[in-house]
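**Student:**
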Amino acid sequence: MAPIRFTTLLITPLVLVALITIGVTHIFASNGEVCFSGSCPPNGYNDDNDCNNYQPPFDADSDGDGVNDSWGSPVSIPGFPTTDECGNSLCLFCIPDPAGPGKGNDYYSPRFKKRGESGGSEVGKCLYPCGRNSWKVCFTDSDGDGVPDKFTKTYWETRDGGDDWPFSGKSTTFCTDLTKEKIVPVRTCRQKVGQQGEMPTWVIEDAVCVELGTVLSEVTLDGELLVVAPLRAPSADDPEQGPSQGKSSGRGIAAVEHELEANTAAASIGDIISATGTLTNTDSVAHDYRVVFFGMSSRLLHGPLDFKLEAGETTTYIARARVETTGDMGIVAFAHSERHDDADGQIGVALFSTDCLKGTVGTGFGPPVNVVTINGSAGDNHRVKVTTDDPVSLEVAASPFGPAAARVILYTWAGDSANPAGIPITQGGTQLPLCLAHPTPLHSAEPQPLMAIRSSEVPDIFVGNGRELIVPRAPFALQRLGVPRPIVLTIQGLLQDHGANNPFGISSTNCLVLEVRDGSGDVE
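Per this note's numbering, the sequence shown starts with residue 3, numbered consecutively.
1) Can you find the residues in the same chain that come closer than 7 Å, C-beta to C-beta, to R482, ignoring five residues on each side of it along the sequence?
2) By Cβ distance below 7 Å, which residues in the same chain neighbour N372 in space, the five residues on each side in sequence not counted?
3) Using the three-state DSSP reduction, which class does E220 fall into: helix, strand or coil?
4) Around the Cβ of R456, are there at least 16 other Cβ atoms within 10 angstroms (buried) or fewer (exposed)?
5) Our contact map puts L302 next to Y291 with C-beta atoms below 8 Å; I'd like the distance itself, whole angstroms only.
6) Hey, A479 and L412 are a contact pair by Cβ (cut 8 Å); roughly how many whole angstroms apart?
7) Tell me where the beta strand (DSSP E) around A479 begins and ends.
8) Tell me, please, whether the region 461 to 474 touches the region 358 to 366 by the rule of three or more beta-carbon pairs shorter than 8 Å.
9) How long is the line joining the alpha carbons of A416 and T428, rounded to whole angstroms?
10) Beta-carbon within less than 6 Å of E183's beta-carbon, same chain only, minus the 5 sequence neighbours each way: which residues are those?
11) Give me the Cα-Cα distance between G350 and T156, rounded to the nearest whole angstrom.
12) What would DSSP say about C140, mapped onto helix, strand or coil?
13) Q559: buried (16+ other C-beta within 10 angstroms of its C-beta) or exposed?
14) Give me the Cβ distance between D357 and A268, rounded to the nearest whole Å; I'm assuming they're in contact under 8 Å.
15) Would T175 and C128 qualify as a contact pair, given that the criterion is a beta-carbon distance under 8 Å?
16) T365 bridges to which residues according to DSSP?
17) Cutting at 7 Å between CB atoms, please list the residues of its own chain near V287, excluding the five before and the five after it.
18) Does the Cβ-Cβ distance between S300 and V325 come in under 8 Å?
19) Are there 16 or more other CB atoms within 10 angstroms of the CB of S120, so buried, or fewer, so exposed?
20) If we call anything under 8 Å between Cβ atoms a contact, is R533 one with V410?
21) Buried or exposed: A447, going by 16 or more other Cβ atoms within 10 Å of its Cβ?
22) Check for me: the beta strand (DSSP E) holding R301 runs from which residue to which?
23) At what residue ranges does the region 491 to 518 contain a whole run of the beta strand (DSSP E), taking only runs of 3 or more?
24) Assign L359 to one of three DSSP states: helix, strand, or coil.
25) Let me check understanding here. Comparing Cα to Cα, which of L227, F506, G332 and G146 lies closest to T278?
26) If I measure Cβ to Cβ from T222 and keep anything under 8 Å in the same chain, skipping five residues before and after, which residues do I get?
27) My output table needs one value for E242: the three-state DSSP class, helix, strand or coil.
28) Thinking just about the alpha-carbon of each residue, which of P422, H445 and F506 is nearest to the one in L514?
29) May I ask which residues mark the beginning and end of the beta strand (DSSP E) holding N283?
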């Protein structure tokens, strides 16, 4: 299907970078450069680096031992770290067309296998006929022995050869964060080639986030399924048809090293998320660089950034976006130089977790507003502590954006809230951009609430068959002189809100954990 270049990036003082190219493998280490013979799959597929052999990689000999790799078996990659000290492994498979090897739909499948796992999970695909692939792996190495402590990220990039071999200007990068077990396919496209002295115009067309282990061929990116495209053979009328018509075959090593790291772990709707990017010019001459951005479930607060870096120079930048919905959220950045070849840029992805405990009241206009308080407090990290002798007042305010008297339902669950990622809320089959700490009667999952506190206009479907307490519209307060025994309750709900960030006018309230202790400090 396509040649592959492998890169390993060590996030430690010892930097080891391995590049596998056609014919020769180069290993660059902190103590010098080592070269040895070998070849990258597919051996014999490319003739003079042009895509004029319209056969898939059925004759790969990646380790250069003179024996072809076996279909469905891991491909050996010289100089590439394949196992970490936790027992996790990375491997590359050659997958034949269902009709048989050489039928046109063969492809490479990079995979990550947890310790003890058999099949592993896809972390990329070779999507394009006559495409080009590269694989970068990030890991920690605390003792500097060159053996990964633990794999942290992988980046599999596949570039479309199309009718302008070696690069048509479209690529898909599969960015996998192994620490979060998420994979982000990203589609980038070069809109035009810049004129003399002008930067080329790049955009990130689409990016999605899915769980590690998802069947990637079922994922849609920019309106297209991520399926392997068949190779097309030359026609009888035009035997020279295809990407081999005198196109440039130069292979450049990326002139930039690019990383993007999240500055915070969790966020909720209305929050400003930020990530720090690091750019290094790895070339021996100066380059102009541009970084373009894409927000997943978030709206970027700035446009592209431009830098000029001397040879070997490093710079950092901050990318910021405002969270607009729940679920997987992040910032994607593509850093590229002014060169117009097929290896001039790298993707960086920063992922953030959803914090449903903050609620979404007022997030159509700004950060979330606390409307639920106990004894006048929104808590310390969502937690309010009292004793059985203390009076307890539960207050629910209306949204500052109205209405002045708002319909509301509050749920109380037994125990602590241990699920800041939350449970999504749907309305009429549509998932709303809000979530709650625990399931409700709208869900079949456990734990279900002990009680629903609601205004009379809230439909019964939100209450189910559980206990309920009818209250006036917000604002209101419920007061007790004391709680008779130690207990922990989690409290969160839904509020009518003219400042909501969705057309339904519903927001989730902030979450509170009420921790009631007896005089000795014990709690159930």
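All C-beta atoms in this analysis are idealised placements derived from N, C-alpha and C, irrespective of residue type, glycine included.
Since the structure is predicted, the reported quantities are computational estimates derived from the model, not experimental observations.
**Tutor:** Concretely, from the data shown:
1) Exclusion of the five residues before and after R482 leaves P393 and V394 as the residues of its chain whose Cβ lies within less than 7 Å of its Cβ.
2) A380 and N512.
3) E220: helix per DSSP, three-state reduction.
4) The Cβ neighbour count for R456, taken over all protein chains shown within 10 Å, is at least 16; the residue is labelled buried.
5) Separation of the CB atoms of L302 and Y291 is rounded to 18 Å, and the pair is thereby denied contact status at 8 Å.
6) Taking C-beta atoms under 8 Å as the contact rule, A479 and L412 fail to qualify, at a distance of about 12 Å.
7) It spans F478 to R482 - the beta strand (DSSP E) in which A479 sits, taken as one unbroken run.
8) Contact between the region 461 to 474 and the region 358 to 366 is absent: fewer than three C-beta pairs spanning the two stretches fall below 8 Å.
9) Rounded to the nearest whole angstrom, the CA to CA distance from A416 to T428 is 23 Å.
10) If we look at E183 and ignore the five residues flanking it on each side, its Cβ neighbours are L214.
11) Distance between G350 and T156, taken at the CA atoms: about 11 Å.
12) It is a strand residue.
13) Nothing about residue 559 can be reported from this structure: the residues present for the chain run from 3 to 526 only.
14) Confirmed, about 4 Å.
15) No, the Cβ-Cβ distance between T175 and C128 is not below 8 Å.
16) BP columns for T365 are empty, so no partner.
17) So the list reads A313, once near-sequence residues are dropped.
18) Yes, these two residues count as a Cβ contact at 8 Å.
19) Using a 10 angstroms sphere on the CB of S120, the tally of other CB atoms stays under 16, which defines it as exposed.
20) Here the chain has residues from 3 to 526 only, and residue 533 is not among them.
21) Per the 10 Å Cβ criterion, exposed.
22) R301 -> beta strand (DSSP E) spans S300 to L302.
23) Counting only runs of 3 or more, we get 508 to 510.
24) In this structure, L359 counts as helix in the three-state DSSP scheme.
25) The alpha carbon of T278 has as its nearest neighbour, out of L227, F506, G332 and G146, the alpha carbon of G332.
26) Only V210 and L228 meet the Cβ criterion.
27) Low per-residue confidence applies at E242: pLDDT is 36, beneath 50, and the placement is therefore not dependable enough to give any value.
28) The shortest Cα separation from L514 among P422, H445 and F506 belongs to P422.
29) Taken as a continuous stretch (DSSP letters only), the beta strand (DSSP E) holding N283 covers I274 to N283.
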